[in-house]
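J.:
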Amino acid sequence: MMNFIRSTIVAATAIAASTAMMMPAASAADISGAGSTFIYPVFAKWAATYKTSTGIGLNYQSIGSGGGIKQVEAKTVTFGATDKPLSDAELSKNGFVQFPMIMGGIVPIYNIEGVKPGELVLDGKTLAEIYMGKITKWNDPAIAKLNPDLKLPSAAIVVVHRSDGSGTTFNFTDYLSKESAEWKDQIGSDTAVEWPVGIGSKGSEGVANTVKQTAGGIGYDEYAYAEQNHLSYARMVNAAGKIVAPSLDTFASAASNADWAGAKNFHVIITNQPGDKSWPIAASTWVLIHKQPDDAQAAATALKFFSWAYKNGGDAAKALDYVAIPDNVVKLIEKSWSNVTASGKPVYAAE
Amino acid sequence: MAVTLDMSAPAGLVSEKQARRSIRADRAFFLLTLGSATLVVVMLLGVMVSLVIGAWPALAKFGFSFIWTERWSPVKEIFGALAPIYGTLVTSAIAMAIGIPISFGIAIFLTEICPQGLRRPIGIAIELLAGIPSIIYGLWGFFILAPFLQTSVQPFLINTLGNVPVIGVLFGGAPYGIGLLTAGIVLAIMVLPFITSITRDVFLTVPVLLRESAYGMGMTTWEVVRNIVIPYSRVGLVGGIMLGLGRALGETMAVTFVIGNSHRISASLLSPSTTISAAIANEFTEATGQLYTSSLVALGLILFVITFAVLAAAKWLLIRTELK
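Protein chains in written order, with our numbering: chain Y, 91 to 441; chain E, 1389 to 1712.
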């Protein structure tokens, strides 16, 4: 019965996609994709460079992970990008190959009178209790214990979260689930959850501005967004019990300590990874592509672009405060591409 | 057309051919208008049917308890519409409570009291207010109004009205700046131009004769408005209010910015909440899973029914007053 609505949406997006195709800027050979907004700035940057060197452009619609999955299911785009990996069952049902494309971090941001950016230290348990409404004042003993040198005010904590479904929320709540059994049991992790307390704001910018405007506010945002907008973010106690600041190094450490080789379909959520230097709330974005694409040529072009991006895109990603996939993982990914076939043969073989 | 035919042919001597042509034109015109009218009904039914089909998985799973369940948990796939319904009704009620008196005041001023030279500029200003896109109201509400309410108005409300018995619970809690009250205020400003311009137009339909006679008998402006203008234009007034209410119930973007988007019901008007349309706008793009999407469509269906019920109630009210 949902098919009616879904097919309407698909039809509408198909029309949108076909009009986009007709625009003179996009040629028939362009790669088409849709999904995650998290990865969009990186894709945009890569695509611009790739276009000048190869003449092949990328038409990427950053409509959100859910929309990207729906579109690639309907085959209106060649690939989808999602911040929440699909389960093995979902992948085999749709005949998708899934692999990580980029990584980044998520940081808690705050607005506390008298506490400078980067001064506050939090750990997962405390963060979970704040977001459950159990810790309601900034001078709560649990926070004070983590911050012996800070003079914390008695101000009320105003919890801010995303109101729209978001991969950022998925990774954030996944981390809280790993750190707090109560959170896992009562709330769980997803792109949208049943928040026990707080204000919902739309988009990264909504959360950032609400925190900025609200005395005693706490929220979470992607590191790239927080860094570029000079938000004051907290340091965290990681799985190894060390205090770490968010940075490309600590994200990379989380990524390299994750067990990519042991995971089927690269289904690794890189929150709360081991390692002294690992930032606990790291996140990745995955690409989805059909195993048996209708248009083998388009799939091959897309894979070629991804291969180029793994090899040449690291610096561009770094400049945008994202982390490239480690080389050893890239090898595994490119090996997995042999599953993308047309009439029994791989559509693209990485060099 | 009949007139032109009469002019071109001698009286009473319209040729058979011309007559047939005009009958055919008449017939085509009839079908065209009938078609347009039918199209509206078909579209209305089409929207209704597609909403029911889309909402069916959720309705089949939760039944009527969907309406009075407060929980909204995408993770556990438990969905209930009570919080958005509550938020929609409360914000619209606040908007009407603020918007109607002000709109009536403006309309009365413009039609009865205002000097001729000022009528046009004020009238145009109000119509321009209607032309502002709702996203602008949202941004303004979020960046200007909410911080102002948070630092100046809400602490005052909490410290004064918050301590009054009974109504105190409406003004309890922390001053977040955003929430039901803020959304209601933004909505009030948004419905102002609609109610005002219709109210003004219907006030102007009051015959000058009636009005001047009333003044001639020594009535004050207030008495004229109270006893002549309002009773005469009652139907139009209800129409204007309903148009405003319809907008308030369905407004999406501006509300999303300032309501706080949380699926919870609390007694305080200062607390964050959500509305039906805000919930749909927020969650539809990333809603994965059939039940989640379907629950959002079911919310849309409920909004449709609420709007329909409000209009029906208004019509019923009008018919009743007409009969008296």
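Glycine included, every Cβ here is placed at the ideal spot set by N, Cα and C.
What does a CB cutoff of less than 8 Å around Y:Tyr313 pick up in its chain, not counting 5 residues either side in sequence?
T.: Around Y:Tyr313: Gly194, Gly195, Ile196, Val197, Tyr323, Pro336, Phe341, Asp411.
J.: What residue from Y:Tyr400, Y:Ala406, Y:Tyr438 has the CA that sits closest to Y:Pro190's CA?
T.: Checked all of Y:Tyr400, Y:Ala406, Y:Tyr438; the closest Cα to Y:Pro190 is Y:Tyr400.
J.: Any chance the stretch 1402–1419 of chain E sits against the stretch 1648–1655 of chain E, with 3 or more Cβ pairs inside 8 Å?
T.: Result no; under three Cβ-Cβ pairs closer than 8 Å.
J.: Quick one: grab the DSSP three-state call for Y:Asp311.
T.: Strand, per DSSP.
J.: Quick one: which chain A residues come within Cβ less than 9 Å of E:Val1463?
T.: You won't find chain A in this structure, because its protein chains are Y and E.
J.: In three-state DSSP terms, what is Y:Pro114?
T.: Note that Y:Pro114 scores a pLDDT of 41, beneath 50, so its modelled location is shaky and nothing firm can be said.
J.: Name the chain E residues whose beta carbon is nearer than 8 Å to that of Y:Ile379?
T.: None at all; the shortest Cβ gap to chain E is about 18 Å.
J.: I'd like to know if E:Ser1650 contacts chain Y, where contact means its C-beta is closer than 8 Å to some C-beta of that chain.
T.: Interface residue, yes.
J.: In terms of residue numbering, what span does the alpha helix (DSSP H) encompassing E:Trp1444 cover?
T.: It spans 1404–1450 - the alpha helix (DSSP H) in which E:Trp1444 sits, taken as one unbroken run.
J.: So Y:Ile379 is in the beta strand (DSSP E); what residue range does that whole segment cover?
T.: Looking at the DSSP string, the run of the beta strand (DSSP E) that includes Y:Ile379 is 372–380.
J.: Here's a check: name, in chain order, each residue in its chain whose Cβ is nearer than 6 Å to the Cβ of E:Leu1705, leaving out the five neighbours to either side.
T.: So no residue of the chain qualifies.
J.: Determine the burial state of Y:Trp350: buried for a count of at least 16 other Cβ atoms within 10 Å of its Cβ, exposed for fewer.
T.: Buried: at least 16 other Cβ atoms inside 10 Å.
J.: Closest Cβ-Cβ distance between E:Tyr1564 and chain Y: below 8 Å?
T.: Closer than 8 Å to some Cβ of chain Y, the Cβ of E:Tyr1564 qualifies, so yes.
J.: Identify the continuous alpha helix (DSSP H) that holds E:Tyr1474 and give its terminal residues.
T.: Element bounds for E:Tyr1474: 1470–1496.
J.: Could you pull out every residue in the same chain whose Cβ sits closer than 6 Å to the Cβ of Y:Asp254, ignoring the five residues on either side in sequence?
T.: Contacts found: Lys292.
J.: Any idea what DSSP makes of Y:Gln276, helix, strand or coil?
T.: Here Y:Gln276 sits in helix by DSSP.
J.: Could you tell me which whole alpha helix (DSSP H) segments of length 4 or greater appear in the stretch 304–368 of chain Y?
T.: Fully enclosed alpha helix (DSSP H) runs of 4 or longer: 313–318, 338–347.
J.: Please work out which residues of its chain come closer than 8 Å, Cβ to Cβ, to Y:Ala282, disregarding the five sequence neighbours upstream and downstream, and give them in chain order.
T.: Excluding positions up to five away in sequence, the list reads Arg252, Asp254, Gly255, Ser256, Thr259.
J.: If the cut is a Cβ gap below 9 Å, which residues of chain E does Y:Gly170 touch?
T.: Going along chain E, no residue has its Cβ under 9 Å from Y:Gly170, so there is no contact; the nearest lies around 12 Å.
J.: Less than 7 Å between C-beta atoms, sequence neighbours within five positions excluded: which residues of the same chain meet that for E:Thr1499?
T.: Around E:Thr1499: Arg1588, Phe1591, Leu1592.
J.: Using a C-beta cutoff of 8 Å, does Y:Asp178 count as contacting chain E?
T.: So, not an interface residue.
J.: Which residues of chain Y have a Cβ atom closer than 8 Å to the Cβ of E:Pro1619, listed in chain order?
T.: Correct list: empty, because the minimum Cβ distance to chain Y is about 46 Å.
J.: What's the C-alpha gap between Y:Ser267 and Y:Asn328?
T.: So the two alpha carbons sit approximately 14 Å from each other.
J.: Report yes or no: is there a C-beta of chain Y within less than 8 Å of the C-beta of E:Pro1489?
T.: So no, E:Pro1489 is outside the interface.
J.: Could you check the C-alpha separation between E:Ile1514 and E:Ser1585 for me, to the nearest Å?
T.: Taking the straight line joining both Cα atoms gives about 8 Å.
J.: Give the secondary structure of Y:Asn93 by DSSP, where H, G and I count as helix, E and B as strand, and everything else as coil.
T.: Since pLDDT at Y:Asn93 reaches only 49, below the 50 mark, its modelled position is unreliable, and no value is offered.
J.: Could you pull the start and end residues of the alpha helix (DSSP H) that E:Met1607 belongs to?
T.: Note, E:Met1607: premise wrong, no alpha helix (DSSP H); not H, not E.
J.: Taking only the alpha-carbon atoms, compute the straight-line gap between Y:Asn429 and Y:Asn261 and give it to the nearest angstrom.
T.: Roughly 28 Å separates the two Cα atoms.
J.: Could you check the C-alpha separation between Y:Gln318 and Y:Val301 for me, to the nearest Å?
T.: Looking at the two C-alpha atoms, the distance is approximately 16 Å.
J.: Opposite Y:His251 in the DSSP bridges: which residues?
T.: Partner(s): Y:Gly290.
J.: Got a sec, what are the start and stop residues for the beta strand (DSSP E) Y:Ala171 sits in?
T.: Here the beta strand (DSSP E) through Y:Ala171 covers 169–172.
J.: If contact is defined by three or more beta carbon pairs under 8 Å, each pair taking one atom from either stretch, is the stretch 1609–1621 of chain E in contact with the stretch 1523–1540 of chain E?
T.: These segments do not touch.
J.: Within the stretch 1618–1645 of chain E, note down every full alpha helix (DSSP H) run reaching 4 residues or more, in order along the chain.
T.: List check, alpha helix (DSSP H) in window: 1622–1638.
J.: Within 10 angstroms of the Cβ of E:Pro1660, are there 16 or more other Cβ atoms? Answer buried if so, exposed if not.
T.: When all chains shown are included, E:Pro1660 counts as buried.
J.: Output the distance between the C-alpha atoms of Y:Ala137 and E:Ile1488, rounded to the nearest integer angstrom.
T.: For Y:Ala137 and E:Ile1488, the distance between alpha carbons rounds to 53 Å.
J.: Can you name, in chain order, every residue of its own chain whose Cβ lies under 8 Å from the Cβ of Y:Asn237, other than the five neighbours on each side?
T.: For Y:Asn237, where only same-chain residues beyond five positions count, the Cβ hits under 8 Å are Glu209, Leu210, Val211.
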